[in-house]
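In UniProt numbering, the protein residues as written are 1 to 194.
Note that the Cβ used here is the ideal one computed from N, Cα and C, for glycine as well.
Just so we're clear, the structure is a prediction, and the values are computed from it rather than from any experiment.
For reference, the structure discussed in these notes is given below.
Put into structure tokens, the structure is as follows:
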């Protein structure tokens with residue numbers, strides 16, 4: 001589909017313009033071949049862009065200028081955070097931050113279900129679960145501390161938190177999340193070959 005659109009639009013591209021692509025799995029070399037355009041930037045945002053909290057990663061084509069990079073970074077910076085990385089990381093970016101919101105939604109839903117199972121009303125449980133995730137993410141971002149340090153700070157000996165963490169570790173929580181990112185990355189690699 002992207003190929004057909006670019007082939008159709010090819011006559012409209014000019015050297016004065018930069019072409020920005022958010023098409024998942026479409027590499028810069030393919031964009032250049034299909035569009036005949038040299039000034040390219042590839043960006044992988046994620047769905048929290050809808051609320052101004054995107055995690056976007058961009059890579060520059062060979063002919064993209066510093067001005068192009070700054071403009072696109074500013075544009076995507078208006079909807080969240082922006083990183084620049086080599087294109088070779090884009091499948092892993094998709095597996096982590098592209099698919100990642102769904103992993104977190106599942107975690108929020110599971111935490112809320114746990115709250116309901118423990119006796120909380122559904123709306124209170126969901127509000128607490130979502131705010132807890134938001135607050136924990138802000139702690140990681142704002143303190144600069146490693147998540148393990150922050151976890152240890154709230155985990156007292158023989159306390160409630162370590163009891164919960166013990167259950168998560170018995171269930172393979174950490175390994176399951178890691179495997180989800182790797183599986184989504186592999187699927188992205190498969191899709192980009194088709």
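Would you mind giving the Cβ-Cβ distance between residue i and residue j, rounded to the nearest angstrom? I have them listed as a contact below 8 Å.
i: residue 72; j: residue 116; result: Contact doesn't hold; Cβ gap of about 43 Å is too wide.
i: residue 95; j: residue 184; result: 4 Å
i: residue 112; j: residue 136; result: Not confirmed; about 15 Å, so no contact.
i: residue 192; j: residue 70; result: The Cβ separation is near 28 Å, so there is no contact.
i: residue 46; j: residue 101; result: 6 Å
i: residue 39; j: residue 17; result: 7 Å
i: residue 134; j: residue 143; result: Not confirmed; about 15 Å, so no contact.
Identify which residue in the options has its Cα closest to the Cα of residue i.
i: residue 65; options: 2, 51, 41; result: 41
i: residue 105; options: 34, 36, 11, 48; result: 48
i: residue 99; options: 157, 24, 111; result: 24
i: residue 82; options: 97, 91, 92; result: 97
i: residue 168; options: 154, 107, 77; result: 107
i: residue 50; options: 10, 164, 76; result: 76
i: residue 30; options: 69, 152, 1; result: 1
i: residue 5; options: 92, 180, 33; result: 33
i: residue 190; options: 154, 46, 26; result: 26
i: residue 21; options: 15, 11, 3; result: 3
i: residue 103; options: 176, 121, 154, 68; result: 176
i: residue 54; options: 36, 127, 78; result: 78
i: residue 8; options: 16, 19, 35, 18; result: 35
Who does residue i pair with in a DSSP beta bridge?
i: residue 41; result: 20, 60
- Complete runs of the alpha helix (DSSP H) confined to the segment 55-97 [at least 4 residues]: 66-77, 90-93
- Query: How about the segment 80-93 and the segment 45-59: do they share at least three Cβ pairs that are nearer than 8 Å?
  - Reply: yes
- Query: Taking only runs of the alpha helix (DSSP H) that begin and end inside the segment 102-147, which ones reach a length of at least 4 residues, in chain order?
  - Reply: 122-143
- Query: For the segment 144-173, which segments carrying the alpha helix (DSSP H) assignment without a break, of at least 4 residues, lie completely within its bounds, in sequence order?
  - Reply: 147-154, 160-170
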